[in-house]
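Its first residue numbered 916, the sequence shown is counted upward by one per residue in the working numbering.
We put the beta carbon where it would ideally sit given N, CA and C, even for glycine.
Worksheet: the structure to be examined is printed underneath.
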Amino acid sequence: MQGAHYLVAFTFLALAFVFVSAIDNSALQDFCVATNNTNGVFVNGKFCKDPSLATAEDFYYSGFDKAGNTSNPVGSKLTTVNVQEIPGLNTLGVSLVRIDFAANGGQDPPHVHPRGTELLIVMEGTLEVGFITSNPNYKLFKKILNKGDVFVFPIGLIHYQVNIGKTPAVAISALSSQKPGLITVGNAVFGSDPPIDANILSRSFQVGQGVVKHLQSKY
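Right, here's the structure in full:
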């Protein structure tokens, strides 16, 4: 009988915890403008400004209409608008990226957003986009997108975009995080600091150490 009482009490506490967690996931105030002043309240990686000191500038960004410089090895430029650019995005769980692609193969190389799902819309040009599912299938879902087309990249999956057209392309992405993070596969694997031992990468990718060291030299 005593064991049954413990079971009932445990179940009640577990349900109460779930209920409280579900309630507290919602914002408990209108906004939490990020500030570098460490005297505020620390929330989700940023300190909060006193709400009475917030201004319209805390929720504003200008320049998203300007094309990025794609003169680089991958032929693309990302213009991010996250909590770093708009302090008012803190705790709101959303951000934007403008991606400019050079003609004839400019790309946003295979990468991962560890903290956000991405919703991309093509503004100009034609892109091939795709994402790869996790182990054990590693299935590639890819699609050709034209102006006005929209595609979703699920959180945490490797994905890419490449301009297959003969003119520059532009896309806008919305992400489900104030700071979704970015891990570019090539940079992470071959450009880590300190570098991963060439013997490990040689065996992982089934190529010679010379190939690995050449790739590491590119990053």
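Rounded separation between residue i and residue j - CA only
i     : j     : result
F979  : S1132 : 34 Å
G1096 : G1080 : 28 Å
I1098 : I1059 : 24 Å
A949  : K964  : 6 Å
S1107 : G1101 : 9 Å
I1115 : A1018 : 36 Å
P1110 : N987  : 23 Å
Q1124 : A1113 : 6 Å
L968  : Q944  : 15 Å
R1030 : G1003 : 19 Å
F962  : F1120 : 43 Å
G1021 : N954  : 44 Å
G1063 : D1015 : 15 Å
K1054 : C947  : 40 Å
D1023 : N952  : 35 Å
N1078 : I1047 : 18 Å
L1042 : P966  : 42 Å
E1039 : N1052 : 33 Å
Cut-off 6 Å between Cβ atoms - residues of its own chain near residue i, not counting five sequence neighbours on either side
i     : result
T994  : G983, R1013
F1105 : L1130, Q1131, Y1134
Exposure label - residue i; buried when at least 16 CB within 10 Å
i     : result
H1074 : buried
E972  : exposed
N1061 : exposed
Q1076 : buried
N1050 : exposed
V1122 : exposed
P998  : The sequence as given places Val at residue 998; Pro does not occur at that position. Buried is the call here.
T1006 : buried
S1088 : buried
V981  : The amino acid occupying residue 981 in the given sequence is Lys; Val does not appear at that position. With fewer than 16 Cβ atoms within 10 Å of its Cβ, K981 is classed as exposed.
G960  : exposed
Helix, strand or coil at residue i [DSSP, three-state]
i     : result
F979  : coil
Q869  : Outside the shown range of the chain (916 to 1134) lies residue 869, about which nothing can therefore be said.
D1064 : coil
V1104 : helix
A969  : coil
I1059 : strand
S1010 : strand
K961  : strand
K1133 : helix
N1078 : strand
P861  : Because residue 861 is not part of the residues shown, which for the chain are 916 to 1134, the question remains open.
F974  : helix
8 Å contact criterion, which residue i and residue j should meet: CB distance rounded
i     : j     : result
S1010 : S1092 : 6 Å
V1044 : L1035 : 7 Å
Nonlocal neighbours in the same chain, by C-beta distance under 7 Å from residue i, ignoring five residues either side
i    : result
L928 : Here L928 scores only 46 on pLDDT, less than 50, and its place in the model should not be relied on; the value that follows carries that caveat. Excluding positions up to five away in sequence, the list is empty.
F974 : I1001, G1003
Residue i at chain C interface by Cβ criterion, 8 Å
i     : result
I1111 : Going by chain labels, chain C is absent from the structure shown, which holds only one protein chain.
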